[in-house]
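A quick write-up on the structure given underneath.
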Amino acid sequence: MNLNLTKPIVFFDLETTGINIATDRIVEIAVLKVFPNGNKESKTW
C-alpha cells in the first residue's frame, strides 16, 4: 500500500489485559512513526 504523505503519521497500539479501565491494565505500548520518504521509527514499552 502506498501512502502519499506530506507529513509524518504516527500509529499507536495498546495491549491490555481487558477493556475495564477500573480493573484491567496496559501491558504493552507500541508507537510506529512513518515518514513521507518511507522511513519508519518504532518504540515499544
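Numbering (my numbering), first residue to last: 108 to 152.
Even glycine gets a Cβ: it sits at the ideal position worked out from N, Cα and C.
Would you kindly work out how many angstroms separate the C-alpha atoms of residue i and residue j, rounded to a whole number?
i, j, result
"Asn-109", "Thr-130", "40 Å"
"Gly-125", "Asn-146", "33 Å"
"Leu-121", "Glu-135", "6 Å"
"Thr-123", "Lys-114", "30 Å"
Quick check on residue i: does DSSP put it in helix, strand or coil?
i, result
"Ala-137", "strand"
"Leu-121", "strand"
"Lys-114", "coil"
Residue range of the beta strand (DSSP E) that residue i falls in?
i, result
"Thr-151", "147-151"
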